[in-house]
Amino acid sequence: MAPADRDRMVLGVNISPATLDPTSNPSEGIRIVTYDNIFEGLTRLDEQGRLQPLLARSWTVSPDGLDYSFTLQPDVTFHDGHAFDCETVRFTLNRAAAPESVNPQKQVFQNIDSVTCPSALEAHVRLRTPHGSFLSELAWDDAAMLSPTSAATNGLHPIGTGPFVFSSWKRGESVTLERNDHYWGQKAKLKTVVFRFFSDPMAAANALMDGQVDAYPSFPAPEMAEHFTTDPRFVVTTGLAPFKGLLALNNRRKPFRDLRVRQALAYALDRAGMAEALDIPGSRVLGSHMSPENKDYTDFSTLYSYDPQKARALLKEAGVEPGTRLRLLLPPIGYARATGELVAAYLEQVGITVSIVQVEWPAWLSQVFGRHDFDMTIIAHTEPDDIGIYARSDYYFGYNSPTFQQQYAAYENTADSTARHNLAVAMQQTLAHDVPNVFLFFIPRTNIIRRNITGLWNNLPLPACPMADVQWRP
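For the sequence shown, position 467 matches number 467 in full-length UniProt numbering, and the numbering has no gaps at all.
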């Protein structure tokens with residue numbers, strides 16, 4: 001490998017983003033490119049999912065869980081030269097909470113009562129109510145610190161404080177980053193990083209084989225990974241990820257307003273058989289909206305074991321006529337489209353006709369996540385500890401349970417580990433009973449990497465691909 005080549009690396013990514021502003025759109029593709037590369041938050045999660053300081057050097061939390069005092073890193077500047085300080089923190093958090101905000105986690109920020117600045121490098125955040133996950137949520141890209149001078153244009157030309165600066169974006173093809181030689185922390189090892197986007201797993205595999213792509217974290221077709229295990233050029237690894245594959249239901253619409261219908265769908269699907277049919281190494285049935293590596297995970301998958309006769313009886317009881325037609329919107333991801341065919345076949349057996357509609361990511365985000373115009377969809381939630389989305393009646397699947405909302409409020413209002421665990425189990429039990437969505441499967445993260453690359457994360461505690469420590473081995 002020529003010396004110049006050792007300064008450059010190309011990575012494969014599954015989802016082509018429609019914008020590069022992570023505070024305006026929930027797409028995983030944005031986070032893979034920007035998290036810990038262009039943008040940084042006050043805190044971060046490391047590869048093991050542990051909370052670490054970042055733009056905040058340290059913090060203290062009041063005993064009542066309402067007041068957070070942050071000491072900020074000194075001598076930090078944005079890529080446009082704007083200084084990072086407490087006023088930046090105030091601007092960012094107030095912007096995320098504003099009535100006109102489109103931040104995917106807007107509800108988190110609207111719990112902020114005030115942000116004050118005792119000094120340039122001290123920020124004081126007061127919450128309206130205790131929120132035990134606040135520090136972890138500040139590590140998500142939704143809480144990336146933004147320069148007031150560039151926040152409005154980050155969608156096309158992102159400017160952050162991170163170890164890489166934005167260079168170029170070929171829509172639908174690639175994003176190129178260059179090393180930030182003025183970075184406040186340890187400089188990145190690579191000079192240039194290119195993220196290439198693939199919607200076709202075969203094209204992704206061919207790009208790896210042909211040397212056009214050097215590494216593919218979260219390879220989109222794990223069942224194809226065996227072709228690389230015998231190739232001495234590559235290492236294939238399996239890591240943990242908060243992957244929660246769902247058949248998401250629009251609870252606002254008939255017939256899903258009826259609990260019996262949602263339960264019927266859970267009985268109608270042979271989820272163990274589906275996981276086996278997908279032939280993805282390490283996949284297994286998911287028992288709640290927590291990933292199995294979460295210490296609070298409780299498996300309720302046996303509550304609705306495969307029983308098509310029970311499903312038909314519940315549908316009849318709910319007045320759902322045989323031949324009822326429902327639309328299933330599928331994003332352009334291999335697992336979703338393969339699973340969609342299986343779901344349609346199983347539901348056909350209990351009298352529901354499924355019309356499959358395949359859409360691209362921008363259409364899915366607009367139609368499903370934005371306008372809530374869907375019956376069913378198959379999607380993986382990859383954010384860590386995001387069970388709180390079920391407390392949001394305005395979320396895309398429209399689940400509205402006062403019982404769950406009370407449980408989640410109690411969960412966030414306590415810092416006691418035993419109480420939080422018990423409440424986490426109770427929340428999962430409520431979801432298992434109510435079936436707002438059908439929990440399908442967990443899929444581990446499969447990474448295909450050139451053997452002489454080091455520093456890439458094996459585990460994925462949140463959608464990310466931090467590149468500062470990645471390099472070619474000598």
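For each residue, glycine too, the CB sits at the ideal point set by N, CA and C.
The DSSP assignment places 324 to 330 as complete runs of the beta strand (DSSP E) inside the stretch 271 to 335, in order along the chain (cut-off: 3 residues).
Straight-line spacing of the CA atoms in LEU462 and SER27 works out to 12 Å.
Checking the DSSP bridge columns, you'll see ILE38 has no partner listed.
Around the beta carbon of SER218, 16 or more other beta carbons lie within 10 angstroms, which makes this residue buried. In the three-state DSSP reduction, SER366 falls in the helix class (H, G or I). Secondary structure note for ARG392: it is in no beta strand (DSSP E), with a DSSP letter that is neither H nor E. By the Cβ-count criterion, MET202 is exposed, with fewer than 16 other Cβ atoms from all chains shown falling within 10 Å of its own Cβ. At least 8 Å separates the beta-carbon of LYS187 from that of PRO158.
At least 8 Å separates the beta-carbon of ARG271 from that of SER291.
Taking C-beta separations shorter than 6 Å and ignoring five residues to either side along the sequence, the partners of VAL357 in its chain run ARG327, LEU329, following chain order. Restricting attention to CYS465, ASN447, THR339, PRO17, the CA atom closest to the CA of VAL235 is found in ASN447.
When DSSP states are grouped into helix, strand and coil, LYS170 belongs to the strand group.
Membership of GLN105 in any alpha helix (DSSP H) is not indicated, and neither H nor E is assigned to it by DSSP. Straight-line spacing of the CA atoms in PRO322 and ALA204 works out to 41 Å. A Cβ-Cβ distance of about 32 Å is found for the pair ASP386 and LYS189, leaving them out of contact under the 8 Å criterion. With fewer than 16 other CB atoms across the displayed protein chains lying within 10 angstroms of its CB, ARG171 is exposed.
In the structure shown, GLN349 adopts coil according to DSSP, grouped into three states. As a beta-bridge residue in DSSP terms, LYS244 pairs with HIS381.
In this structure, GLU137 is the residue among ILE379, GLN349, GLU137 with its C-alpha nearest to the C-alpha of PRO53. Judged by DSSP in its simplified three-state form, VAL175 adopts strand.
For TYR411 against ALA424, the beta-carbon gap comes to about 6 Å, under 8 Å, which counts as contact.
Using a 10 angstroms sphere on the CB of GLY282, the tally of other CB atoms stays under 16, which defines it as exposed. Here the C-alpha atom of THR414 lies approximately 42 Å from the C-alpha atom of ALA344. Across the structure, ASP64 and ALA98 are spaced so that their CA atoms are roughly 25 Å apart.
Cβ atoms of PHE84 and ASN250 stay farther apart than 8 Å, at about 41 Å. Counting other Cβ atoms within 10 Å of its Cβ, SER16 reaches 16 or more and is therefore classed as buried. In terms of Cα proximity to ILE352, the closest of HIS289, GLN407, MET376 is MET376.
Nearest C-alpha to GLN429 among LEU303, PHE442, GLU40, THR77: LEU303. In the DSSP assignment, the residues bridged to ILE356 are LEU328. The alpha carbon of ALA336 has as its nearest neighbour, out of PHE442, LEU127, ASP5, the alpha carbon of PHE442. Within the same chain, Cβ atoms closer than 6 Å to the Cβ of ALA426 are found at GLN407, the five residues on either side in sequence being excluded. By the Cβ neighbour-count rule, ASN103 is buried, with 16 or more other Cβ atoms within 10 Å of its own.
Residue PRO436 holds the alpha-carbon nearest to the alpha-carbon of LYS254 among PRO436, THR129, CYS117, ASN422. A buried status is given to LYS244, since no fewer than 16 other beta-carbon atoms sit within 10 Å of its beta-carbon.
For VAL320, same chain residues with a beta-carbon under 7 Å away, outside a window of 5 residues either side, are PRO255, VAL261 in chain order.
Annotated three-state conformation of LEU11 is strand, per DSSP.
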